[in-house]
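The working numbering puts the first residue of the sequence shown at 332, with every later residue one more than the last.
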Amino acid sequence: MKLLWILSKTMLVCALSLLISCGASRKNVGVSEGEADIDELLGQEEQNTLDRASEEAEILKLLGITPEEEGQPKETQVSQVEEQEQPQPQSETPTADELRQELEAKDQEISKLRSELVEKESKISELQAQLQSKQRLRMTPITNNRSLKGAPSPEFKARYQEALKLFNSRQYQAALNIFSELLLTDPNNSLSDNCQYWIGECYYGLGNYNQAIVEFEKVFSFPNSNKSDDAQLKLGICYLKLGDRQQAKKEFELLISNYPDSEYVELARRYLSRL
């Protein structure tokens, strides 16, 4: 009997141990299954969150809002919109005093321009009078106390030929010195007008066209000079060198009208055709 009692107790303990082991195993399975469900749900939720974020970013892009602007507080965004919509300040309308001052300034400027115009017109009239006086001088040589002698002295002629030789060899300054010396020594010599003409040619050769014009003009002061038409032609050429085409044209026209028999008429006409 005692043996049976011990066996029954042993079987009871084994049965209880088996029951406890099964319960624990079932509980662990339930926990694992629950955790798997939660992980699945969390993964789906995370995916949904990413999808919504991507969709919102696309909508913001369509609306022209950058991620930086989207992250700003609403108050800042509203302030920026208000600044953009705020009208720009317009320039103030000038007052009556300002308009009057501006008008007075314009009147002063106009008066100044008028004065300058009157001054220039006066200068033009003066230059025109001088030109007309020179033209009359060329057409009717001035009669003065200078009376040209006959044949020049051998010494004078020799020095004259020496100066011409220097000029032809392009020694313009040396030639100029001799021609000036001859003219100063004997201004009434029959070759004096020639000396005056060659003085102009020397300045022309030196490139001093303004002084050459002055010297060529002096040739017309000699009565019945055989160098008048030469000087008239060179005047036109000097003005061409100075870039004054209008005055050059006038000089060539004077040559044609005042010296119709000159050998330079055809040359003057050719120059005129190119002006």
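Cβ atoms here follow ideal geometry from the backbone N, Cα and C, with glycine treated the same way.
| query | result |
| --- | --- |
| Would you report the Cα separation of GLU582 and SER559, rounded to the nearest angstrom? | 12 Å |
| The alpha helix (DSSP H) with THR426 in it runs from where to where? | Counting along the chain, THR426 falls outside any alpha helix (DSSP H), and DSSP gives it neither H nor E. |
| If we count Cβ pairs, one from each stretch, closer than 8 Å, do we get three or more for the region 516 to 523 versus the region 486 to 501? | yes |
| Considering only their Cβ atoms, is the gap separating LYS580 from LEU603 smaller than 8 Å? | yes |
| Among the residues of its own chain, which have a CB less than 6 Å from the CB of CYS533, if the five just before and after it don't count? | TYR503, ALA506 and LEU507 |
| Is it the case that the region 534 to 547 contacts the region 562 to 569, given that we only count it when at least three CB pairs across the two stretches are under 8 Å? | yes |
| In terms of alpha-carbon separation, which member of TYR491, PHE498 and ARG501 lies closest to THR516? | TYR491 |
| Can you tell me where the alpha helix (DSSP H) with GLN563 in it begins and where it stops? | 559 to 572 |
| So which of ASN555, ASN557 and GLN527 has the shortest CA-CA distance to GLU548? | GLN527 |
| Can you check whether the CB of TYR540 is closer than 8 Å to the CB of LYS572? | yes |
| Just checking my contact of ALA562 with TRP529 at CB under 8 Å: how many whole Å lie between their CB atoms? | About 11 Å; that fails the 8 Å criterion. |
| For LEU514 and ARG600, what's the separation of their Cα atoms in angstroms? | 33 Å |
| To which residues of the same chain is ILE544 closer than 7 Å at the C-beta, ignoring the five residues directly before and after it? | LEU566 and CYS569 |
| Just verifying my parser: in three-state terms, what is the DSSP assignment at SER556? | coil |
| Can you name the start and end residues of the alpha helix (DSSP H) that LEU515 belongs to? | 503 to 516 |
| Whose C-beta lies closer than 6 Å to the C-beta of GLN578 among residues of the same chain, with five residues either side of it excluded? | TYR570 |
| Going straight from the alpha carbon of ASP575 to that of PRO518, what length do you get? | 32 Å |
| Are LEU586 and LEU564 close, meaning C-beta to C-beta below 8 Å? | yes |
| Please check the pair GLU512 and GLY531, which I expect to be a contact at CB under 8 Å, by giving their CB distance rounded to whole angstroms. | The Cβ separation is near 16 Å, so there is no contact. |
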